[in-house]
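Residues in the sequence shown are numbered consecutively from 994, following the numbering used here.
Heads up, the beta-carbon is just placed ideally off N, CA and C, and yes, glycines get one too.
These numbers were taken from a predicted model, which means no experiment stands behind them.
Read the structure below first, then the notes.
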Amino acid sequence: MRRFRLADRVIEETSADLPDALAKAYRHRIRPLCLCREPGLAMYIAQVGDQYIVKRMPLSGSEHDAACPSYDAPDELSGLGVLLGSAIQVDPESGLSALKVGFSLTRVGARAMPVVGGNGADSVAGDTKKLSLRSLLHYLWHRAELTAWTSRWAGKRHWWNIRWHLLEAAQQMTVKGGMLNEVLFVPEPFRASDKAAIEQRRAVALAPALPPRSGPRKLMILLGEVKEVLPARTGHRLIVKHMPDFPFILDEGLHRRLQSRYENELALWGADNASHLMMIATFGLSPVGLANVEELGLMVVAENWVPYESAYEKKLIDALAKVNERSVKGLRYNLSADKPTAAAVLQREPLPLAFYIVPPSADEYYEEALRDLIALRPELGAWIWRPGEGEMPPLPSH
């Protein structure tokens, strides 16, 4: 059970007074402290409708006690660690993340050659100074805590709350001098009974992507689930779930590069009917109202919306989905596939457990880098699976 310090008061998470205390603290800009460790770790309060939720400060998860719900895997075990302080700069007071990105949010003149990024060859490949589109997707997913899972959440993660968490995370980020949530579009759940109102809200939200009378055209960022990609008379139409009547247009060159660069993600998605294919894309609206995609990235997620990048990771994610303890999936960001990362971290006492999957193609340099990575965090246990040598080992019992 968590305890928080609000100014000079200590209050338990289950206290009946907590909602009123958080509302008062929110109005007076009092930052709560999580007391899982003394003298307390700074948190912040997020408003959700008429409710108030205590959330951890960005990048502070590994500082919490392993038994605390706010605990998170150390950043250096994923591709996030090398981006901190360069591509991602976090203000310790406001909690805002200033993001440096390697893609454009404007377009001047004719359309440039579209870009596809992924599989260690992002639009800014292996860059530690800028985020690619796909690494932005990874960061949003992580900050929205959609990489976390416990079996207690089975059947409780749906698009409406996924969307809310993504938009709430975007409110804590800036990109190219503006707030990310002002250029990010995440479709709301579609309901036929509310079709007209949804379309009206969408038109208002997408207005910034309309072409101006003169000057550079502004682009927006779409984050949604791919439903299907269909041939069109010219190019292809990408249909996003919850937007059945609003196709996104891929020209022939972009579609061809998409098929090549994201061959693995498309194959994993096609192999499992319960998985979801997430897309992040920059796009603008043409003078006739068509949404033209400029650049995109893909990520495949399991039925519980936890990401994976191989059939081996999928097997691990499925096993962890049945575990009562909280696990956090590691993401690669800009790191290439020949750099080891922790596939996941299981939050348990007294020793959190990091899971490492060594690809069959790994060489001696990979193995050496893996040993160094494990040694970097001796306070974590290590579980290693080498698929080239046999089936997945059983998960350690508590």
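Asked: In the DSSP assignment, the beta strand (DSSP E) including proline 1224 goes from what residue to what residue?; Found: 1213-1224
Asked: Use the C-beta contact count for proline 1180: other C-beta atoms within 10 angstroms, 16 or more gives buried, fewer gives exposed.; Found: buried
Asked: Taking just the CA atoms, how far does tryptophan 1262 sit from tyrosine 1045?; Found: 36 Å
Asked: To the nearest angstrom, report how far apart glutamate 1302 and glutamate 1221 are at their CA atoms.; Found: 20 Å
Asked: Excluding the five sequence neighbours on either side, which residues of its own chain have a C-beta within less than 6 Å of the C-beta of serine 1128, listed in chain order?; Found: Tyr1326, Asn1327
Asked: Check the DSSP bridge columns for lysine 1322 and list the partner residues they point to.; Found: Ala1337
Asked: Check whether the region 1239-1256 and the region 1161-1169 touch, using three or more Cβ-Cβ pairs below 8 Å as the test.; Found: no
Asked: What are the boundary residues of the alpha helix (DSSP H) that isoleucine 1377 is part of?; Found: Element bounds for isoleucine 1377: not the alpha helix (DSSP H) but the beta strand (DSSP E), 1374-1378.
Asked: Excluding the 5 residues preceding and the 5 following glycine 1111 in the sequence, name in chain order all residues of the same chain whose CB lies nearer than 8 Å to its CB.; Found: Reliability fails at glycine 1111, whose pLDDT of 47 lies under 50, so the model's placement of it is uncertain and the value that follows must be treated cautiously. Same-chain partners within the cutoff: Arg1127, Arg1254, Tyr1255, Glu1258, Gly1290, Leu1291.
Asked: For the alpha helix (DSSP H) containing glutamine 1044, name the first residue and the last one.; Found: Counting along the chain, glutamine 1044 falls outside any alpha helix (DSSP H), though it belongs to the beta strand (DSSP E) covering 1044-1049.
Asked: Using DSSP with H/G/I as helix, E/B as strand and the rest coil, what is arginine 1249?; Found: helix
Asked: Closest to alanine 1337 by CA distance: which of His1135, Leu1011, Lys1122 is it?; Found: His1135
Asked: Would you report the Cα separation of glutamate 1006 and proline 1204, rounded to the nearest angstrom?; Found: 49 Å
Asked: For lysine 1169, collect the residues of the same chain with a Cβ closer than 8 Å to its Cβ; drop the 5 residues on either side in sequence, then sort them by chain order.; Found: Val1094, Leu1098
Asked: Could you check which residue in Pro1343, Arg1341, Ser1354 has the C-alpha nearest to that of lysine 1332?; Found: Ser1354
Asked: Excluding sequence positions up to five away, which residues of its chain have a Cβ less than 8 Å from the Cβ of threonine 1143?; Found: Val1316, Asn1317, Glu1318, Arg1319, Ser1320
Asked: If you run the structure through DSSP and keep just helix, strand and coil, what is glutamine 1193?; Found: helix
Asked: DSSP on glutamate 1287, reduced to helix/strand/coil?; Found: strand
Asked: Less than 9 Å between the beta carbons of proline 1012 and histidine 1131, yes or no?; Found: no
Asked: Among the residues of its own chain, which have a CB less than 8 Å from the CB of glutamate 1360, if the five just before and after it don't count?; Found: Val1351
Asked: I'd like the list of long-range same chain contacts for glutamate 1218, defined as Cβ closer than 7 Å, with 5 residues on each side in sequence excluded.; Found: Val1233, Lys1234, His1269, Leu1270, Met1271
Asked: Looking only at its own chain, which residues have a Cβ that is under 7 Å from the Cβ of proline 1278, when we skip the five neighbours before and after it?; Found: The question names proline, but residue 1278 is leucine in the sequence shown. Leu1199, Ala1202, Leu1203, Pro1204, Ala1284, listed in sequence order.
Asked: Using the C-alpha atoms, what's the distance from aspartate 1244 back to methionine 1036?; Found: 45 Å
Asked: Between which two residues does the beta strand (DSSP E) carrying glutamate 1092 extend?; Found: Per the sequence presented here, residue 1092 reads as leucine, with glutamate not at that position. Taken as a continuous stretch (DSSP letters only), the beta strand (DSSP E) holding leucine 1092 covers 1090-1092.
Asked: Excluding the five sequence neighbours on either side, which residues of its own chain have a C-beta within less than 7 Å of the C-beta of arginine 1364, listed in chain order?; Found: none
Asked: Could you check how far apart the C-beta atoms of arginine 1150 and asparagine 1297 are, in whole angstroms? I think they sit under 8 Å.; Found: 6 Å
Asked: Apart from the five residues just before and just after leucine 1362, which ones in its own chain have a Cβ nearer than 6 Å to its Cβ?; Found: The displayed chain sequence assigns alanine, not leucine, to residue 1362. Contacts found: Pro1333.
Asked: Which word fits serine 1116, buried or exposed, when buried means at least 16 other C-beta atoms lie within 10 angstroms of its C-beta?; Found: Note that serine 1116 scores 38 on pLDDT, short of 50, meaning its location in the model is unreliable; the coordinates nonetheless yield the value given after this. It counts as buried.
Asked: Over what stretch of residues does the alpha helix (DSSP H) that includes tyrosine 1393 continue unbroken?; Found: In the structure as shown, the chain starts at 994 and stops at 1391, and residue 1393 therefore has no counterpart that could be examined.
Asked: What residue range is occupied by the uninterrupted beta strand (DSSP E) comprising glutamate 1005?; Found: 1002-1005
Asked: Looking only at its own chain, which residues have a Cβ that is under 6 Å from the Cβ of arginine 1024, when we skip the five neighbours before and after it?; Found: Ala1035
Asked: Please state if the CB of glycine 1374 and the CB of alanine 1347 are separated by a distance shorter than 9 Å.; Found: yes
Asked: Just to confirm my understanding: we take alanine 1264, look at its own chain, exclude 5 residues before and 5 after, and list those with CB closer than 8 Å. What are they?; Found: Ala1304
Asked: With 16 other CB atoms within 10 Å as the buried threshold, where does arginine 1002 fall?; Found: exposed
Asked: What do you reckon, are the CB atoms on methionine 1216 and phenylalanine 1183 nearer than 9 Å?; Found: A small fix is needed here, since residue 1216 is leucine in this sequence, not methionine. No, the Cβ-Cβ distance between leucine 1216 and phenylalanine 1183 is not below 9 Å.
Asked: Determine, using beta carbons only, whether arginine 1100 and glutamate 1306 come nearer to each other than 9 Å.; Found: no
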